[in-house]
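In my numbering, the protein residues as written are 9 to 575. Just so you know, even glycine gets a beta-carbon here, dropped at the ideal spot from N, CA and C. The next block holds one structure in the form of C-alpha cells; read it before the comments.
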C-alpha cells in the first residue's frame, strides 16, 4: 500500500510482469531517485493522487485493463501540472497494438516511449529528465501559489499595489520565456553536434572508398601494364568489399540488418577462417584456438559470425603494437538461474594495452574509436553488439589498462545439427563464359546502371536477359506468353508495386516460375518475403553468389545442370 506521506517527488514504477519493476527501480535508485513500485494499476492511480514526479510503466501491464480512470486522472490535472510518463514498449507493430499505443500517447499527453531492449543509461537519463521537468512544474506551482497569496494581499492593499503585481508577473513571464528559449537552443545544438558526428564519420570512410574506386577506374583506362591493371582491380574490389562491410556494420548497430541464422559448428567455422586470420594479422601476432570437447552448435548467421571474429581479431592486433597472442576460446554454458537456456561462450582474448575505464564505458557507442583518423570507423564493436543482441545473446568486455582485453559473447545453442560445409560446392563452371544459353532471365530493375551490370553478370553465367524497369512492366512482358526460366527482381521499385508484390502476383498466375529478389536493404521487406518463401539476395553480391542464388531459386542440383523448359 502506498503511504499518504510519501514524497511527491517519488517515481512510480508499474511493471507487473517479470523483473522489469525491480531492475528499473534499482537503476533509478542508483542515480539518486526516490522510487515506489506499484503492484496494480489501482496503486498507480493512488500514487498519482498523492503526488508523483514521474510514472515508469511497462506497456504490457496496461494490456486488457480499463484505462479510463487513468485517463480521467490525467484530464483532472490542474493547469500547472503535466505529469510525465515513461513507457517501455515492445517491438510489436501490429495495427491493433499501434492504434492502442497511439491512443495511450494521446490520452496521457506527456509521454516518452522507450523501445526495449533499452540501455540502462538511456532509461535513467529519460527518467531523470522527466523528474527535472516535473520539478520545474512544482516550481511553477509554487510561483502560482505565491502569486495567488500576493494577489490576496494586494486586494487588501487595494489599487496602490496593483501595478506592482502586474510588473512582477511581466518579469516572471519574461524569465520563463528566456529559460525556454535557452533550453531549446541547447537541444538544437546537441542535435546538430550528433548529426555532424554521424555524417562526418560515414562521409570520411565512404569518400576514401569512392576515391579508390573512381580513381582506380580513371587510371584503369590509362594503364596498359597487366600487373598494374590487376593491382588497380584488386584495390577497387577491396574498396567495394570494405564499403559493403561498413554498410553491414551500420545496419548491425541499428539492428536492421537481415540475419539468416542456421546451425553452426563453431570449431569448424572458425577453423576455416584460420588462413584469413593469419593474413589479416602481423607476423608477430599469433592466434591460438581453444575449443572444449563436445562443443555445442550455435544458432547464428555464419557470415556475420565470421565478420565479428575478424573485427575482434583486428582490434586485438591493433592493441598489441609489440606483438602478442590472441586466444579464441569457446566453451559450453548450460542453463542456470542467470542464463535462461543453453549458450556457448565465445571469447577473444588479447595480451595488449587494455582500456582505461572511461574508454571501456564507451566502446559500444557508434563512431567512438581511439584509433587515428582513417584507421577505424568506430563501428566494429557496435556491429558486434548488434550481432550478439539480434542473435539472442549478449556481449561484454573485460579490460584493464596494461593487462589486455577479453571480449565475451554468449551465443544461443542450436538444437539442430549443422549441415556439411557447402560454401565451396557451387559449380564454378557456371561463372565462366558459355557459348550456349542455360535459360532466360526476366530482369526487373529500375536503376539503369545496376541493370546493365546485372545483365552483364547474367550473360557471363550463360543466360539470355530480358530487362524491364517496373513490376507492372514485368507482368506485361509475361502476359503475351513469353517463356522465361526465372525472374530476378529488385524489391524497392517505383510505381506502387514492389518486388514482393510482384512475386506474390506471379505465384498466383504462374506458380511454377521461380523468383529471386534482390535488395540493398533486405530488412525492408524480409518479413513479407519470408512469408512467401522467397529468398532475398542482398546487394552488393558477387558473380559466384548470384550463380548460387539462381541455382537455389531454380531448384538446380550442385552439378549446375539447368532445369528443362519448352521453347
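| Hey, out of 320, 73, 139, 351, whose CA is closest to residue 371's CA? | To locate residue 371, count along the chain shown from 1; it is residue 363. That would be 320, whose Cα lies nearest to the Cα of residue 371.
| residue 340 in three-state terms, based on DSSP | Numbered from its first residue, the chain shown carries residue 340 at position 332. DSSP places residue 340 in strand when its eight states are reduced to three.
| message | In this structure, how does DSSP classify residue 562 when only helix, strand and coil are distinguished? | response | The residue given as residue 562 occupies position 554 in the chain shown. Residue 562 falls in the helix class under three-state DSSP.
| Does the beta carbon of residue 272 sit closer than 7 Å to a beta carbon anywhere in chain B? | The chain labelled as chain B is not found in the depicted structure, where only one protein chain is given.
| Separation of residue 504 from residue 522, as counted between CA atoms | For this step, residue 522 is matched to residue 514 along the chain shown. For this step, residue 504 is matched to residue 496 along the chain shown. Rounded to the nearest angstrom, the two C-alpha atoms are 22 Å apart.
| Closest to residue 497 by CA distance: which of 507, 81, 269, 485 is it? | Position 489 of the chain shown, counting from 1, holds the residue named residue 497. Per the Cα distances, 507.
| request: Determine the burial state of residue 364: buried for a count of at least 16 other Cβ atoms within 10 Å of its Cβ, exposed for fewer. | output: By one-based count along the chain shown, residue 364 stands at place 356. Under this definition residue 364 is an exposed residue.
| From residue 546 to residue 269, what distance separates their C-alpha atoms? | The residue labelled residue 546 in the question sits at position 538 within the chain shown. The residue labelled residue 269 in the question sits at position 261 within the chain shown. Each residue's alpha carbon lies about 15 Å from the other.
| request: Work out the CA separation of residue 185 and residue 543 for me, nearest whole Å. | output: Along the chain shown, one-based indexing puts residue 543 at 535. Along the chain shown, one-based indexing puts residue 185 at 177. The alpha-carbon atoms of residue 543 and residue 185 are separated by roughly 57 Å.
| task | Would you mind working out which of 123, 43, 486 sits nearest residue 68, comparing C-alpha positions? | result | Counted from its first residue, the chain shown places residue 68 at position 60. When each option's Cα is compared against that of residue 68, the closest is 123.
| Helix, strand or coil: which one does DSSP assign to residue 46? | Here the question's residue 46 lines up with position 38 in the chain shown. In this structure, residue 46 counts as coil in the three-state DSSP scheme.
| DSSP puts residue 371 in a beta bridge; with which residues? | Residue numbering aside, residue 371 sits at position 363 when the chain shown is read from its first letter. Beta-bridge pairing links residue 371 to no other residue.
| query | Do residue 289 and residue 325 have their C-beta atoms closer together than 7 Å? | reply | What you label residue 289 is simply residue 281 of the chain shown in a count that begins at 1. What you label residue 325 is simply residue 317 of the chain shown in a count that begins at 1. Contact flag set, yes.
| said: Alpha carbons only, please: which of 556, 62, 519 is nearest the one belonging to residue 540? | reply: Within the chain shown, the letter at position 532 stands for residue 540. Nearest C-alpha to residue 540: 519.
| residue 23, DSSP secondary structure in three states | The residue labelled residue 23 in the question sits at position 15 within the chain shown. Coil at residue 23, not helix or strand.
| query | Would residue 79 pass as a contact of residue 42 if the rule is Cβ separation under 7 Å? | reply | Along the chain shown, one-based indexing puts residue 79 at 71. Along the chain shown, one-based indexing puts residue 42 at 34. In this structure, residue 42 does not lie closer than 7 Å to residue 79 by Cβ.
| task | Please state if the CB of residue 399 and the CB of residue 308 are separated by a distance shorter than 7 Å. | result | Working through the chain shown from its first residue, we reach residue 308 at position 300. Working through the chain shown from its first residue, we reach residue 399 at position 391. Yes.
| Hey, would you say residue 341 sits closer than 7 Å to residue 306, going by beta carbons? | For this step, residue 341 is matched to residue 333 along the chain shown. For this step, residue 306 is matched to residue 298 along the chain shown. In this structure, residue 306 does not lie closer than 7 Å to residue 341 by Cβ.
| C-beta atoms of residue 88 and residue 180 nearer than 7 Å | The residue labelled residue 88 in the question sits at position 80 within the chain shown. The residue labelled residue 180 in the question sits at position 172 within the chain shown. Contact: no.
| query | DSSP beta-bridge partners for residue 526? | reply | Counting from 1 along the chain shown, the entry for residue 526 is found at position 518. According to DSSP, residue 526 bridges with 498, 545.
| said: Is the separation between the beta-carbon of residue 64 and that of residue 94 shorter than 7 Å? | reply: For the purposes of this step, residue 64 is taken as the residue at position 56 of the chain shown. For the purposes of this step, residue 94 is taken as the residue at position 86 of the chain shown. Result yes, Cβ atoms of residue 64 and residue 94 sit closer than 7 Å.
| message | Distance check for residue 230 and residue 414, CA to CA, integer angstroms please. | response | Residue 414 sits at position 406 when you count from the first residue of the chain shown. Residue 230 sits at position 222 when you count from the first residue of the chain shown. Looking at the two C-alpha atoms, the distance is approximately 48 Å.
| said: Could you pull the DSSP bridge partners for residue 332 from this structure? | reply: Working through the chain shown from its first residue, we reach residue 332 at position 324. Per DSSP, 293.
| message | Need the endpoints of the beta strand (DSSP E) that residue 271 sits in, please. | response | Here residue 271 refers to the residue found at position 263 of the chain shown. Here the beta strand (DSSP E) through residue 271 covers 270-272.
| Just how far apart, CA to CA, sit residue 567 and residue 359? | In the chain shown, residue 567 corresponds to position 559, counting from 1. In the chain shown, residue 359 corresponds to position 351, counting from 1. Note that residue 567 scores 32 on pLDDT, short of 50, meaning its location in the model is unreliable; the coordinates nonetheless yield the value given after this. When rounded, the distance between both Cα atoms is 47 Å.
| query | Can you name, in chain order, every residue of its own chain whose Cβ lies under 6 Å from the Cβ of residue 407, other than the five neighbours on each side? | reply | The residue you call residue 407 lines up with position 399 of the chain shown. Within the same chain, residue 407 has close Cβ partners 362, 363, 368, 413.
| message | Using 8 Å for Cβ pairs, my map puts residue 62 next to residue 138. What's the rounded Cβ distance? | response | The residue you call residue 62 lines up with position 54 of the chain shown. The residue you call residue 138 lines up with position 130 of the chain shown. Sure, about 4 Å apart at Cβ, within 8 Å.
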